[in-house]
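Numbering (my numbering), first residue to last: 157 to 818. By construction, the Cβ of each residue, glycine as well, lies at the ideal position given by its N, Cα and C atoms. This one's a predicted model, so the numbers in the text were calculated from it and none came from an experiment. Each remark here refers to the structure printed beneath this line.
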Ligand code: ADE
C-alpha cells in the first residue's frame with residue numbers, strides 16, 4: 157500500500173514535470189512561419205529550387221512545420237508551399253525528416269505522380285528546396301527516406317530548342333541559352349547541335365541517348381564536356397555534341413579536327429602520322445565488325461532454336477529491328493514534345509476509332525522535304541486522363557520492344573484543344589482486319605502467335621531482355637483489334653489506355669479500383685465476376701494471359717495447315733455484336749464455354765500442340781494458366797520442331813489477291 161502510494165505520488169510528479177516542460181517548450185517553440193502558396197512554377201538552378209511564392213503565414217498549430225510539394229507538369233517545375241502538421245500524412249506520406257532547417261526533397265510516388273516532398277523547421281525554410289547536396293558527379297544518387305531506394309537525379313541542361321547564333325563552328329562557343337531545364341527523364345543527357353543553314357543555329361535540348369537524335373546515335377554522352385563532332389552526309393554543315401554534366405551543353409567545343417575548315421599545311425604533315433596510328437585501329441575495327449557479324453549470324457540461329465529464359469546483355473544491341481533504330485523521328489520519343497513549335501504533321505485518313513480517341517494515318521515532314529508515315533492518336537481535351545495514362549505507359553523507355561507499338565512523342569495541341577500521341581504506322585492494320593482478309597500458313601501462325609506472346613511477356617516482365625530493371629505492366633484490354641500486324645508479319649501490341657504499371661507509382665487504391673476493365677468478350681472469368689485478387693499483381697497478368705489465349709485461338713482459326721479453314725469469327729460469336737458482361741458471364745462462367753477447337757486441328761501436330769497451350773492459357777483457374785513467357789517458350793519449341801505443314805505455307809488472301817497492301 158505504502159509502495160503503491162509512493163508510486164502514485166511519483167507518477168503525479170512525473171506528469172507535472174512533463175506538462176511543465178511541454179508548456180516551457182511551447183513558449184520557446186512559437187508557431188512556425190512558412191511560405192504558403194497554391195501550386196505555381198518555381199525557379200530551379202543547380203540543385204536547388206526557389207519557390208516563387210511571396211505569401212508567408214504564421215502556421216495555425218504550434219506543431220506545424222513548413223513543407224513543400226514539388227512535381228513537374230508538362231516539363232515545368234511546379235511547387236506548392238504550405239504549413240504542415242507532421243503527425244498527419246502529406247499526400248498520403250508521413251514526413252519523417254522535418255527537423256532540419258533545409259527542405260531536402262525526397263521522391264515519393266504519391267497520388268499517381270512522381271512527387272517530391274520536403275518538410276523543415278525554421279522561419280520560411282520552405283522558400284528554398286534542395287534537390288540533393290551539391291555533388292561533383294553528374295549522376296547523383298540520393299536515398300529517399302521512406303524507400304531507402306537509390307534514384308538517379310535528372311540532369312540539368314540548357315534547353316532552348318533552336319535559336320540563331322553568331323557562333324561559326326570554331327573554337328569554343330557559348331550557347332546563349334538562358335533556360336535551364338531539369339530533364340524529364342533521368343536517362344536524358346545534355347545535347348547541343350550546330351547547323352549552318354540560313355543563318356547559323358544552335359539547338360539545346362535534353363535527350364535520351366538510347367534514342368537517335370536527328371537520326372544519329374550519340375557516342376560521347378558520358379563525357380563531361382560538349383565536344384562538337386561533324387555529322388557526315390548532311391546537306392548543311394551539322395555538328396552534334398552530348399555530355400552528362402550540369403548544363404554542360406552551354407559550352408560548345410569545336411576542336412580543329414572536327415572543324416569545317418580544310419586542313420592547313422601542318423595538318424597535311426600530320427596526315428601520314430595519323431595514317432600510321434589509324435591503320436592498326438582500322439584493322440582492329442574490321443576484326444571487331446567481322447566478329448560482330450559472326451555473332452549476329454549465331455544469334456539469328458539461336459532465335460530459331462528453343463529459347464531459354466533471359467538474354468545476355470549483348471543481345472540488347474540488336475533487339476530492335478533496323479527500321480525502328482534508324483527511325484529519325486524517334487529522337488523525341490518517350491517525352492512530351494517540348495518544342496514550342498509542334499511537329500510538322502499532316503493528317504491523312506482515319507484508320508480507327510476507339511473509346512477515347514481516334515487514330516489517323518499522317519505524314520511527318522522531315523527537313524529534307526521527305527516525309528515519314530506515322531500514326532496519330534487524337535484525344536479531345538476532355539479525355540486528358542486517357543491520354544496521360546497511355547503517354548505515361550509509353551514514356552517508360554524500357555517498354556520499347558519490337559512487339560510493342562513504337563512511340564515517337566506526345567503533344568498538347570492547345571489550339572485544337574487536342575492531345576496527340578504519335579507512333580509508328582503499320583500499313584497492315586490490326587490483327588482482326590488482317591485475319592478477316594487472310595488465310596495463313598503454319599509459319600505465319602508461328603510468327604504472329606510467337607511475336608504476340610513475346611510482346612505480352614515483355615510487358616509483364618520486370619526486366620528487359622538485357623536484364624535492366626523494368627516496371628511490369630499489364631495491358632488489361634488485349635484483343636485482336638489492339639494488336640497491329642507489322643510488315644514482316646509479326647505483331648505489336650497497341651492501345652495502352654487501360655494499362656497499369658505494377659509498381660509503387662500505382663497506389664493500392666488504384667489497384668483496388670481497377671477490378672473490371674476491358675472488353676467483355678475477352679474478359680477472364682474472374683474479371684467478369686469481379687473476383688480478382690487485387691492484392692496480387694500476378695492475377696492481373698493471369699487475366700491478360702486468358703485474353704491472349706483468345707487472340708491466339710483467332711490466329712490459329714485462320715491457319716490452312718489443318719486442311720480446314722473457316723471464315724474469320726471473333727471468339728464467342730458474331731463480329732458485329734458487342735456482348736455485354738452478363739451474357740459473357742452466362743457463357744464463360746455458368747456454361748464454362750470456350751471457343752471451339754475443331755477436330756481438324758489435330759491433323760497437324762504443331763497446331764495440335766498449340767491448341768493444348770491455348771487451352772492451358774484459358775483455364776478457369778487463373779493460377780493454373782501458363783505465364784506469357786512460358787507461352788513464348790512453348791511456341792518457340794513447337795515452331796522449331798520442324799513440323800511438316802499439310803498445306804503450302806503461302807499467305808493466301810481469301811479475297812481475289814494475295815497482296816494485303818491497302
Ligand atoms: N490503328 C491503330 N493504330 C495504328 C497504327 N499505329 N498503325 C496502323 N493502324 C493503326
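query: Under the DSSP definition of a beta bridge, which residues are partnered with residue 221?
result: Taking the first residue of the chain shown as 1, we reach residue 221 at position 65. Note: residue 221 sits in a beta bridge opposite 240.
Ordered list of beta strand (DSSP E) runs contained in the region 614 to 672, each at least 3 residues: 639 to 641, 647 to 649
message: Whether or not the region 247 to 258 and the region 270 to 280 are in contact is what I'm after, with contact meaning three or more pairs of Cβ atoms, one per stretch, closer than 8 Å; do they touch?
response: yes
query: residue 565 to residue 616, Cα distance in whole Å?
result: To locate residue 565, count along the chain shown from 1; it is residue 409. To locate residue 616, count along the chain shown from 1; it is residue 460. The alpha-carbon atoms of residue 565 and residue 616 are separated by roughly 23 Å.
message: Does the region 704 to 715 come into contact with the region 572 to 581, if we say contact requires no fewer than three beta-carbon pairs (one atom in each stretch) closer than 8 Å?
response: no
- prompt: Around the C-beta of residue 546, are 16 or more other C-beta atoms found within 10 angstroms, so that it is buried, or is it exposed?
  reply: Position 390 of the chain shown holds residue 546. The residue is buried, with at least 16 neighbouring Cβ atoms inside 10 Å.
Residue 389 to residue 623 span [Cα, whole Å]: One-based indexing of the chain shown puts residue 389 at position 233. One-based indexing of the chain shown puts residue 623 at position 467. The straight-line gap from Cα to Cα measures roughly 35 Å.
field: Pairwise C-alpha distance: residue 364 and residue 155
entry: Look at the range of the chain in this structure, 157 to 818, and you will see that residue 155 is not part of it.
- prompt: If residue 636 and residue 588 are in contact, beta carbons under 8 Å, what's the gap, nearest whole angstrom?
  reply: Walking along the chain shown from the start, residue 636 turns up at place 480. Walking along the chain shown from the start, residue 588 turns up at place 432. That belief holds up - the Cβ atoms of residue 636 and residue 588 are roughly 4 Å apart, short of 8 Å.
- request: Determine, using beta-carbon pairs with one atom in the region 597 to 608 and one in the region 538 to 545, whether at least three such pairs fall under 8 Å.
  value: no
message: Comparing C-alpha positions only, which one of 241, 701, 717 sits nearest to residue 774?
response: Start at 1 with the first residue of the chain shown, and residue 774 comes out as number 618. Answer by Cα proximity: 701.
- prompt: When the distance is taken between beta carbons, is residue 221 closer than 8 Å to residue 188?
  reply: The residue you call residue 188 lines up with position 32 of the chain shown. The residue you call residue 221 lines up with position 65 of the chain shown. Cβ atoms of residue 188 and residue 221: closer than 8 Å.
- request: Can you give me the start and stop residues for the alpha helix (DSSP H) that residue 335 sits inside?
  value: Counting from one through the chain shown, the residue named residue 335 turns up at place 179. Premise fails: residue 335 is in no alpha helix (DSSP H) and is neither H nor E.
- prompt: What is the residue span of the beta strand (DSSP E) that residue 363 lies within?
  reply: Reading the chain shown from its first residue, position 207 is the one you call residue 363. First-last of the beta strand (DSSP E) with residue 363: 355 to 363.
- prompt: Just to confirm, does residue 579 get its C-beta within under 7 Å of one of the non-hydrogen atoms of ligand 2?
  reply: Annotation note on ligand 2: not contained in the displayed structure, which lists ligand 1 as its ligands.
field: Cβ pair residue 608, residue 647 closer than 8 Å
entry: Within the chain shown, residue 608 is the residue found at index 452, counting from 1. Within the chain shown, residue 647 is the residue found at index 491, counting from 1. Cβ distance < 8 Å, so residue 608 and residue 647 count as in contact.
For residue 380, the three-state DSSP class (helix, strand or coil): Within the chain shown, numbered from 1, the residue matching residue 380 stands at position 224. Reduced to three states, the DSSP call for residue 380 is coil.
- prompt: What do you reckon, are the CB atoms on residue 336 and residue 329 nearer than 8 Å?
  reply: Here the question's residue 336 lines up with position 180 in the chain shown. Here the question's residue 329 lines up with position 173 in the chain shown. No. Outside cutoff.
message: Pull the bridge partners of residue 285 from the DSSP assignment, please.
response: The residue you call residue 285 lines up with position 129 of the chain shown. DSSP, once it has assigned bridges, lists 205, 259 as partnering residue 285.
- prompt: When the Cα atoms are used, what is the spatial distance from residue 339 to residue 387?
  reply: For the purposes of this step, residue 339 is taken as the residue at position 183 of the chain shown. For the purposes of this step, residue 387 is taken as the residue at position 231 of the chain shown. Approximately 25 Å, taken between the alpha carbons.
query: Secondary structure at residue 422, three-state DSSP: helix, strand or coil?
result: Counted from its first residue, the chain shown places residue 422 at position 266. Confidence in residue 422 is poor, its pLDDT being 49 and thus under 50, which makes the residue's placement unreliable; the coordinate value appears in the next sentence. DSSP places residue 422 in helix when its eight states are reduced to three.
- prompt: Under 8 Å between the Cβ atoms of residue 205 and residue 312?
  reply: Against the chain shown, residue 205 aligns to sequence position 49. Against the chain shown, residue 312 aligns to sequence position 156. No. Outside cutoff.
field: C-alpha gap between residue 549 and residue 218, whole angstroms
entry: By 1-based counting over the chain shown, the position of residue 549 is 393. By 1-based counting over the chain shown, the position of residue 218 is 62. Approximately 43 Å between the Cα atoms of the pair.
- prompt: Using the C-alpha atoms, what's the distance from residue 446 back to residue 383?
  reply: Indexing the chain shown from 1 puts residue 383 at position 227. Indexing the chain shown from 1 puts residue 446 at position 290. So the alpha carbons of these two residues sit roughly 30 Å apart.
- request: Compute the minimum distance between the beta carbon of residue 531 and the heavy atoms of ligand 1, and state whether it is under 7 Å.
  value: For the purposes of this step, residue 531 is taken as the residue at position 375 of the chain shown. Yes - ligand 1 has a heavy atom lying nearer than 7 Å to the Cβ of residue 531.
- prompt: Does DSSP put residue 235 in a helix, in a strand, or in coil?
  reply: Position 79 of the chain shown, counted from the start, is the residue given in the question as residue 235. Correct three-state label for residue 235: strand.
Counted within 10 angstroms of its Cβ, other Cβ atoms place residue 762 as buried (16 or more) or exposed: Counting from one through the chain shown, the residue named residue 762 turns up at place 606. Buried: at least 16 other Cβ atoms inside 10 Å.
query: DSSP three-state call for residue 395: helix, strand or coil?
result: Mapped onto the chain shown, residue 395 falls at position 239. DSSP places residue 395 in strand when its eight states are reduced to three.
message: Could you give the first and the last residue of the continuous beta strand (DSSP E) run that contains residue 715?
response: On the chain shown, position 559 is the one that residue 715 refers to. Here residue 715 belongs to no beta strand (DSSP E), and DSSP marks it neither H nor E.
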